[in-house]
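Chemist: Plus 9 on top of the position in the sequence shown (first one is 1) and you've got our numbering.
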Amino acid sequence: MKAPAFSYVRAESIEHALELLSRHGSAAKILSGGQSLLPALNLRLAVPAILIDIGRLDELRGIKLRDDIVAIGALTRHADLLTSEDISASLPLLRQAAAHVAHPAIRNRGTIGGNLAHADPASEFPACMLALEARMVIRSEGGERRVNARDFFRGIYETALEPHELLTAIEVPRPQPGSRTYFHEFVRRSGDYAMTGLAALAHVDGAQLGDLRLSYFAIGDRPHLARATAYLVGVDITAERIAEAQASLDAELDPPDDQQASAAMRRHFARLLLSRCVADVLERPELAMEVVR
């Protein structure tokens with residue numbers, strides 16, 4: 010299919026982009042990397058009256074370290090997250106996830122802000138932001154506000170962004186010393202949408218988990234922060250504890266059936282990811298196969 014007819018304007022500054030958004034509201038779409046928007050246009054899933062191109066606003070690019078926060082500009086590309094030494098040292102979970110995003114051509118054009126604003130429930134980065142307790146920096150002509158990741162993602166392709174607002178940056182707290190990360194997704198082929206995936210942040214305290222955040226994706230209409238971790242934090246990890254956590258996880262999930270995977274398959278993957286994650290961060294490989302049947 011071909012994209013519908015639309016007007017196009019290139020924003021000359023953030024203020025210009027905000028003025029255009031204020032004027033056109035829900036009739037406008039922001040174009041950054043375009044790796045999600047252009048396919049949606051061609052499939053007529055998006056039918057904007059006007060595209061506002063922010064791709065040349067260099068003030069929205071870059072990674073900055075501020076005290077205990079890593080600030081990532083919305084136009085920072087996926088490829089930049091893969092090559093940044095600051096990301097590798099401070100937020101290794103994002104580097105792990107970036108390596109799984111589609112293919113190099115898409116990673117070289119796609120932007121972190123565009124990805125998060127698109128809010129695809131099978132996407133890697135929304136789950137990472139939930140695990141890392143990130144904040145979205147959102148601007149409008151009326152000022153600036155911050156929204157926690159847990160409140161930002163509201164459903165399939167739905168976020169807390171209002172039509173007149175622009176996501177300008179993401180602020181991610183640096184994990185405390187002793188933290189470990191885990192990332193894995195099940196896909197049919199490299200670069201495909203995930204059938205089920207997990208982005209996790211753990212704090213290891215001796216032989217126990219002092220904290221554990223399991224953020225699943227491709228398991229519902231938005232990333233899901235598992236409550237089953239209550240069975241695993243501050244206790245000695247045994248096969249029985251793993252099984253209890255998996256049973257609790259199974260009860261809280263309501264995965265869809267679709268062309269990618271059945272609900273039963275997604276539940277199985279979610280349980281497997283839980284045990285593998287715990288085994289990995291605690292460096293106890295014998296726990297990896299403790300899966301509820």
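C-beta atoms are modelled at their ideal positions from N, C-alpha and C, and glycine is treated no differently.
1) Does the Cβ of V244 have 16 or more other Cβ atoms within 10 Å, making it buried, or fewer, making it exposed?
2) Does D62 come out as helix, strand or coil in the three-state DSSP assignment?
3) Judging by CA-CA distance, which residue of I61, E295, A136, R75 is the nearest neighbour of D160?
4) To which residues of the same chain is A49 closer than 7 Å at the C-beta, ignoring the five residues directly before and after it?
5) Which of the three DSSP states is assigned to V290 in this structure?
6) Assuming T177 contacts R197 (C-beta within less than 8 Å), just tell me the rounded distance between them.
7) With a CB to CB cut of under 7 Å and the five nearest residues on each side skipped, what residues in its chain are close to L27?
8) For the candidate residues V290, R53, R155, whose alpha-carbon lies nearest to that of K11?
9) Based on Cα-Cα distance, which residue from G206, R65, H112 lies nearest to G229?
10) Compute the beta-carbon to beta-carbon distance between T238 and L223, rounded to the nearest angstrom, for a pair I have assumed lies under 8 Å.
11) Let me confirm a value: I246 is counted as buried when at least 16 other C-beta atoms fall within 10 Å, else exposed. Which label applies?
12) Have a look at D267 and A106 and give me their C-alpha separation to the nearest angstrom.
13) Near A20, which residues of its chain fall below 7 Å by C-beta distance, leaving aside the five closest residues on each side in sequence?
14) What residue from M138, D129, A14, L170 has the CA that sits closest to L234's CA?
15) Thinking just about the alpha-carbon of each residue, which of A203, P184, G164 is nearest to the one in A209?
Modeler: The short version:
1) exposed
2) strand
3) When only C-alpha atoms are compared, the closest one is A136.
4) A55
5) helix
6) That pair is no contact at about 35 Å.
7) Within the same chain, R148, S149, E150, L175 come within 7 Å of L27 by CB-CB distance, once the 5 residues on both sides are set aside.
8) Looking at the Cα atoms, R53 is the closest of the given residues.
9) G206
10) 6 Å
11) buried
12) 23 Å
13) The beta carbon of A20 sits closer than 7 Å to those of A26, L29, I61, D62, I63, L66, all from its chain and outside the five residues before and after it, given in chain order.
14) M138
15) P184
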